[in-house]
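1 is the number of the first residue of the sequence shown in this note's numbering; add one for each residue after it. Every residue, glycine too, gets a C-beta built ideally from N, C-alpha and C. All values reported here derive from a predicted model rather than from experimental measurement. Encoded as structure tokens, the structure appears first; notes follow it.
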Amino acid sequence: ALGMQQMVKHHALIRKLPAVETLGCATVVCSDKTGTLTQNQMTVVQGWAGGKRLRITGEGYNPSGQFFVDGTPSDPRTDPDATVLLHGALLCNDAKLEERSDAAGTRSWQMIGDPTEGAMVVAAAKGGFRRDEMEKTLPRVQEIPFDSDRKRMCTIHRRDGSEFVAFVKGAPDLILDQCSHIQQAGQAVALTGEQRKEVLDQNREMAGNALRVLGVAVRPLAEVPESLRPEDIEKDLTFVGLLGMIDPARPEVMEAVNVARGAGLRSIMVTGDYKDTAEAIAREIGLLTKGGLVLTGPEIEKLSDEELAARTDNLEVCCRVSPQHKTRIVDALKARDHIVAMTGDGVNDAPALKRANIGVAMGIAGTDVTKQTADMVLTDDNYASIVAAIEQGRIIYSNIRKFVYFLLACNAGEILIIFGAMLLGLPIPLRPVQLLWLNLVSDGAPALALGMEKGDRDIMKHPPRPPKEPVINRDMTIGICVVAVVDAIAILLAFYFGLQRYPGHHEAAQTIAFVTLCSSELLRAYTARSEYHSIFAIGVFSNKWMNWAVLASFLLVLAVVYVPFLRPFFDTVPLTLDDWLFMLPFFFASPIAMELVKLYFRRRVSATATATA
């Protein structure tokens, strides 16, 4: 619960508590591109219509910019091909651009709707075309919404009284397949094979420059069919042109990808974009490496489940995929024993999120269905937040282990103390009320402080832990046994010498054993802050919660020994300065033992690494 509060600060909202543990052993992150790896701030920068390449200036949603053809400023309203291209981009669109002013009178622009559609609205506005004016001239009468299978959208508009026109926008190659004509100089001419190749070449070139490309087509209609079936409307189209928009990679993503790779986490881009666009972005952020495999949706469909699973070992980019492909990708990775985190935002992504070990929904762009299905919701839709959540998941699990490690070692030591005294024929070193005080107060607060640890600095430099590895593994068992035995020997020796210092005075010897054990465990709480790193490497007093917990617990121990009205309840006696000096060496027995065990572990890891090299 403490760790989940930290996760919220890292923009990760955990909906299902077991996901915290699963995050710590995740091996693969399948991430969307748009908005997750990129900034989701689309800006149209290039276009193509009537055989001419257009360059468009301006950034963001501010509709200020110019059109250039071959380096010369151009007004698209004087070019019939560019005019129809921008008409289609603006009207076959559900996004709206709004101007707002703050209290100081500063104007700003806000987009309502999908960022990709918003970029096309802004491009049209830069060309002098506004939605409110265009909808008066060409009012929308019907539409066929976008879907992930068709990868296009169609709207029908009335023009000149009784005539209609359909605009279609979407994936250029799929739209081109439905076209029989192409617009040139304002006229629809039959589409030739050479012209088809030119369109595809332009599309490929834009995509190779990391641009997301959409095509626009048009079809005059004499009437609106009663049943709006895509196959009836989206045929015999006239191809108008292309619009290429850039969505810059998030600046923090490159570092996050490197951190994930160093932690043994594979990152796979899963996007509906074209192969060239996906590859360009993946290379830019360092996700696509030499020898990395790129698969498209059609290629995935041709593979059997076994063949796809075999390909996932080198898979780094999946493009032109549909939600159904996402589910197959998750299943293929799980077949190779991967722990998979899958992101999604649309309704159709819900099955893939459900199938993944960790379903990650987008908090900004995600639908309610995906958020309800997901195990985790990203409040900022950022890939870097996934990596941060995985790191926090590892820290939470590590802190749970430290908590368990510390308390089990304490309790095992206490059992051995009582058992050892009985075997040696000594009086009982600790009274029941003292043991209760020790467990409830002295051990409890430091153990809770371990839950506030920030984690080891190299926690993301180790591979994910095996999901079937028990919490109490071999190393922890060794540590518990060593610390418990050393604790028992130290306290029994302190108790024995206490009996020699105060012959026949059991209460004094028991007080010495009680204070020695309490002080020893409070000091060892500092060494328990890391399972492998020295206390001096992590900073002795770097956890302020531990400092307060140890101080409070030690004051409570002193209160039991020195406050007169409490002593009868705990059967304690006040100790002298000589007693404290006598006990001092025993305080450090178990903390030193813990540090020596960690030194052994570090040397073992170093020797293994040297042998492997």
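Linking V482 to E453 through their CA atoms gives a straight-line distance of about 24 Å. A check of alpha carbon separations from I339 across A409, P463 and Y405 identifies P463 as the nearest.
At the C-beta level, R130 and H157 stay beyond 8 Å of one another. Non-local beta-carbon contacts of V330 in its own chain, meaning distances under 8 Å to residues more than five positions away in sequence, involve C30, V340, M342, A352, R355 and A356 in chain order. Of the candidates G262, W580, V560 and S530, S530 places its Cα closest to the Cα of K598. Annotated three-state conformation of F403 is helix, per DSSP. In the same chain as L333, and ignoring 5 residues on each side of it, the C-beta atoms closer than 6 Å to its own belong to V28, T312 and V340, in chain order. S64 and T43 have their C-alpha atoms roughly 12 Å apart. G244 and G47 do touch by the CB rule: their CB atoms are close to 7 Å apart, below 8 Å. For D247, no alpha helix (DSSP H) encloses it, and the DSSP letter there is neither H nor E. Rounded to the nearest angstrom, the gap between the Cα atoms of Y61 and G35 is 16 Å. D458 has its alpha-carbon roughly 39 Å from the corresponding atom of L493.
Each of N382, L438, A123 and E99 was checked against the Cα of I112, and the nearest Cα belongs to E99. Three or more beta-carbon pairs separated by less than 8 Å are not found between the stretch 297–308 and the stretch 276–287, which leaves the two stretches without contact. With a threshold of 16 other beta carbon atoms within 10 Å, F239 meets it and is buried. With a cut-off of 8 Å on Cβ pairs, the stretch 77–95 is in contact with the stretch 115–126, counting three or more such pairs. Along the stretch 465–531, the alpha helix (DSSP H) occurs as fully enclosed runs of 4 or more residues at 474–501 and 506–527, listed in sequence order. The stretch 521–541 makes contact with the stretch 586–593; the number of CB pairs closer than 8 Å reaches 3 or more. Taking C-beta atoms as the reference points, D380 and H11 count as a pair closer than 8 Å. Between the alpha carbons of L174 and E234 lies a gap of roughly 11 Å. Given a length threshold of 4 residues, each whole run of the alpha helix (DSSP H) inside the stretch 147–194 is given here in chain order: 172–177. In this chain, the alpha helix (DSSP H) harbouring E117 covers P115 to K126. The beta carbons of I396 and G3 sit closer together than 8 Å.
Nearest Cα to L499 within the set A490, A509 and I491: A509. For P80, the enclosing alpha helix (DSSP H) covers residues P80 to L91. Here the stretch 400–410 does not lie against the stretch 367–383, with fewer than 3 beta-carbon pairs under 8 Å apart. With contacts defined by Cβ atoms closer than 8 Å, V321 and G241 do not form a contacting pair. Within the same chain, Cβ atoms closer than 6 Å to the Cβ of A263 are found at M460, the five residues on either side in sequence being excluded. When DSSP states are grouped into helix, strand and coil, R55 belongs to the strand group. Residue state for C25 is assigned as coil, using DSSP reduced to three classes. In the DSSP assignment, A356 falls outside any alpha helix (DSSP H) and carries neither an H nor an E. Note on V360: 16 or more other CB atoms within 10 angstroms of its CB, so buried under the neighbour-count rule.
Ranked by how close their Cα comes to the Cα of M583, the residues F497, L551 and S542 have F497 in first place. In the three-state scheme derived from DSSP, where H, G and I count as helix and E and B as strand, A222 is classed as coil.
Between S148 and the set G128, K33, V485 and A171, the nearest pair of CA atoms involves A171.
Distance between R150 and S267, taken at the CA atoms: about 28 Å.
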